[in-house]
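In my numbering, the protein residues as written are 622 to 924.
A short write-up of the structure that comes next.
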């Protein structure tokens, strides 16, 4: 028997499915979300990330959650040659995503250059980071996926049960799986992640992530914007794909690849195939392209 819990978080929906002990599992999930939010949110004045932005130019000690989040973000940048870059903070603000999504208002569109991830110096052993002046971080491309991975691992190991954690398109699976695997809806953000009536895939391990240009959208200078910035231009990535869904060993890796695919646009299929990452790309017009062994619709099992 599986137990499913849903609740709103970070402007999207958290979905938790477990094979046992749902009350304790939800408590663990909420604790992980609180820890990641307090460490990584750029919308909270009291977050550790916000404090880091006020201490640029010198080595600053950071807590273990932010240190891990920074390491994950810099690794994503390195693996994608900068296509997924945590130093897009100022660029994201410049195109309008400068406050909690529900509070965004229209205004002028002023592109900002992206300083580059290689300028951020992280000493993981010492737990210190040097953030150069003028560099503003946005960990949104990886922190949510990291939270899903952390929560699924904690729930599975501490409660000895199977767990699926879905945070607005970022899905992590750990431990025992129900017969046939966890059923994940192929929606723009997996909002209805378990046993949904639409097309689904079965996931048995690892991570699944969808990046979408239809979620978290707004108007800026009379033009539609979305939250995925192309670091090469400082603007919202060109909308070639409505969604990019990728399966990988972890949710972080899946999300990194899905975000890179949105940024790459027409070059995404070749890049995903070269890296052996099964993916399902949906074009702006609704056409579906399966890449690198993504299962045919009749198979519906990706991991």
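Glycine included, C-beta positions come from ideal geometry on N, C-alpha and C.
Computed from a predicted structure; not experimentally measured.
query: Residue 833 in three-state terms, based on DSSP; result: strand
query: Nearest-angstrom Cβ-Cβ length linking residue 649 and residue 779, presumed shorter than 8 Å; result: 7 Å
query: Unbroken alpha helix (DSSP H) run spanning residue 745, endpoints; result: Segment: none, residue 745 is in no alpha helix (DSSP H) and carries neither H nor E.
query: Environment of residue 702 [buried if 16+ CB atoms lie within 10 Å]; result: exposed
query: Rounded straight-line distance, which links the Cα of residue 637 to that of residue 803; result: 11 Å
query: Cβ-Cβ distance between residue 763 and residue 884 below 7 Å; result: no
query: Under 7 Å between C-beta atoms of residue 712 and residue 741; result: no
query: Cβ neighbours of residue 679 in the same chain (closer than 7 Å, five flanking residues each side left out); result: 751
query: Contact belief for residue 792 with residue 737 at Cβ below 8 Å, rounded distance in angstroms; result: No, residue 792 and residue 737 are not in contact; Cβ-Cβ is about 30 Å, not under 8 Å.
query: Environment of residue 795 [buried if 16+ CB atoms lie within 10 Å]; result: buried
query: C-alpha distance - residue 645 paired with residue 888, whole-angstrom precision; result: 44 Å
query: 6 Å CB neighbourhood of residue 724 in its chain, flanking five on each side removed; result: In this prediction, residue 724 has a pLDDT of 47, which is less than 50 and means its spatial position is unreliable; what the coordinates show is noted afterwards. Cβ within range, chain order: n/a, list empty.
query: Span of the alpha helix (DSSP H), counted from its first residue to its last, around residue 613; result: Nothing can be reported for residue 613: it is not among the residues displayed for the chain, which extend from 622 to 924.
query: Completely contained beta strand (DSSP E) runs for the segment 835-920, where each covers 3 or more residues; result: 838-841, 844-847, 862-869, 900-904, 909-912
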